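Engineer: Below is a structure I'd like to ask you about.
Number of protein chains: 2
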Amino acid sequence: MTIHYPKGIKPLPEGKGVKKSKKLHLGHSAANRGMGFEADINESNAYYLEHDLCLVTKRPTPINVVKVDYTHGAKITQAYFETQSTTDYNGVYEGHYLDFEAKSTQSKTSFPLHNIPPQQIDHLKRVLRHGGIAFFIINCYAIGQTYILAAKDVIDFYEAKPRASIPMKDILSKGYLVKEGYNPRYDYLAVVKAHFLK
Amino acid sequence: MTIHYPKGIKPLPEGKGVKKSKKLHLGHSAANRGMGFEADINESNAYYLEHDLCLVTKRPTPINVVKVDYTHGAKITQAYFETQSTTDYNGVYEGHYLDFEAKSTQSKTSFPLHNIPPQQIDHLKRVLRHGGIAFFIINCYAIGQTYILAAKDVIDFYEAKPRASIPMKDILSKGYLVKEGYNPRYDYLAVVKAHFLK
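If you read the protein sequences in the order shown, they are chains A and B. Okay, so the first sequence: first residue is 1 according to my numbering, each after it adds one. Okay, so the second sequence: first residue is 1001 according to my numbering, each after it adds one.
Written out as structure tokens, the structure is:
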């Protein structure tokens, strides 16, 4: 199965287009694919919202604002992107709290953990302690499939040093395949319903 | 009871200090008090986090990034504040999804609704439809008390045109008084436990 990314990705809120350009500028085509996957998750959320199936929102990218020019309205003239200390997505399904991160990997053999900041792991542990549903949705670009891996499993791998990645075989065995389609692009809610409700 | 706002409000994440300056610049002392209240809610959340009582995070202020200078790292040189289309806070308590907005009013007689955008009302309706717990925490500055009002009540008032505000007597009768203290500053979780769990 091949994933066809749209050439014209819809503009996303809060400067996502700019972030994408930034990554393109730095020559990270994988990051660009990552942005495409994020756009698809946003579209899936919009579908769920429109059809009243669940309510999941993307947290805006945190930005540290340093200078604002008030000459004509409020124009930010100096600011910097900050790292999200939580995950990108959270929301509610039938009263349950959902919290997840969407990631892409181009590796055929594993999902690298080095770009998951420790504070995100701490955040996910807290979500689980407070009874929330937490997971990663991992777009395995090279094999053309997307899996949901429970936060518990990701945390276990993260803490089993010195491993720096989750082998693809473990993603396939422990993860849940996410059905892809036109609308929703990634039906992650079906996996939540089938495997994450208590 | 008098509320003593600290003179030196702690710096907040994602350019809150700048937003505060912006409002000060515009001469809105009420807005400044509002920022003080928001800072207190953030501190209450930090207390709950530290004591592992619940997990509530503030959504970063959405910012529309227009230009980024990549000469030295990524410096945003043109951007604008956007209106939050959701609420400012959400999180999880014992598996339940929480979603709320923190507001201040300096009026002695009512809580004005004109600065609640319609999309925030839509958002709160969705939260309720999906089984989440939703409310406003309203700092009634003039009477030195803070009340939690269920989102349902705020929505009812909002839709009962041509009312443009919620009378203070209704806040007192329908709302739940939030206990103030040193730590947590506003113990809103006690109200959630007592009145919002099914």
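Ideal Cβ placement from N, Cα and C applies to all residues, glycine included. Treat the numbers as computed from the prediction; the structure is a model and nothing was measured.
Go through its chain and collect everything with a Cβ distance to proline 88 of chain A's Cβ below 7 Å, but skip five positions before and after it.
Structural biologist: It should be pointed out that residue 88 of chain A corresponds to aspartate in this sequence rather than to proline. Cβ within range, chain order: Lys58, Arg59, Glu101 and Ala102.
Engineer: For the beta strand (DSSP E) that serine 165 of chain A lies in, which residues bound it at each end?
Structural biologist: Element bounds for serine 165 of chain A: 165-167.
Engineer: Roughly how many whole angstroms lie between the Cα atoms of isoleucine 1121 of chain B and threonine 1086 of chain B?
Structural biologist: Spanning the two alpha carbons is a distance of roughly 8 Å.
Engineer: Let me know if glycine 132 of chain A comes out buried or exposed under the rule of 16 or more other beta-carbons within 10 Å of its beta-carbon.
Structural biologist: By the neighbour-count rule (16 or more Cβ atoms within 10 Å), glycine 132 of chain A is buried.
Engineer: Which bits of chain A does threonine 1071 of chain B rub up against, with CB to CB less than 9 Å?
Structural biologist: In chain order: nothing, as chain A lies at least about 11 Å away.
Engineer: Can you find a C-beta in chain B that's less than 8 Å from the C-beta of proline 118 of chain A?
Structural biologist: Not one chain B Cβ lies under 8 Å of proline 118 of chain A.
Engineer: Within 10 angstroms of its Cβ, does glycine 1091 of chain B collect 16 or more other Cβ (buried), or is it exposed?
Structural biologist: Classification of glycine 1091 of chain B: buried, given that the 10 Å Cβ count is 16 or more.
Engineer: Here's the rule I'm using: 16 or more other beta-carbon atoms within 10 Å means buried, otherwise exposed. How should valine 1018 of chain B be labelled?
Structural biologist: Here the model assigns valine 1018 of chain B a pLDDT of 37, short of 50, so the residue's position is not dependable, and the following value carries that caveat. So valine 1018 of chain B ends up on the buried side.
Engineer: Just to check my reading of the structure: alanine 164 of chain A and valine 127 of chain A have Cβ atoms closer than 8 Å, yes? What is that Cβ distance to the nearest angstrom?
Structural biologist: No, alanine 164 of chain A and valine 127 of chain A are not in contact; Cβ-Cβ is about 23 Å, not under 8 Å.
Engineer: Closer than 9 Å, Cβ to Cβ, to anything on chain A: give me those residues from the region 1057-1084 of chain B, in chain order.
Structural biologist: Cβ contacts with chain A come from Thr1057, Arg1059, Pro1060, Thr1061, Pro1062, Ile1063, Asn1064, Val1065, Val1066, Lys1067, Val1068, Tyr1070, Gly1073, Ala1074, Lys1075, Ile1076, Thr1077, Gln1078, Ala1079, Tyr1080, Phe1081, Glu1082 and Gln1084.
Engineer: Label serine 1173 of chain B either buried or exposed according to how many other C-beta atoms from any shown protein chain fall within 10 Å of its C-beta, with 16 as the threshold for buried.
Structural biologist: Exposed is the call here.
Engineer: If we call anything under 8 Å between Cβ atoms a contact, is serine 110 of chain A one with proline 167 of chain A?
Structural biologist: Yes, they are a contact pair.
Engineer: Counting only C-beta atoms, is histidine 1096 of chain B closer than 8 Å to chain A at any point?
Structural biologist: It does: the Cβ of histidine 1096 of chain B has a partner Cβ on chain A nearer than 8 Å.
Engineer: Contact defined as beta carbons within less than 8 Å: I believe tyrosine 203 of chain A pairs with aspartate 40 of chain A. What is the distance between those atoms, to the nearest angstrom?
Structural biologist: Here chain A covers residues 1 to 198 and nothing more, so residue 203 of chain A does not appear.
Engineer: Could you give the DSSP three-state label for isoleucine 41 of chain A: helix, strand or coil?
Structural biologist: Here isoleucine 41 of chain A sits in helix by DSSP.
Engineer: Does lysine 1136 of chain B come out as helix, strand or coil in the three-state DSSP assignment?
Structural biologist: The identity of residue 1136 of chain B in the sequence shown is phenylalanine, whereas the question assumes lysine. Strand.
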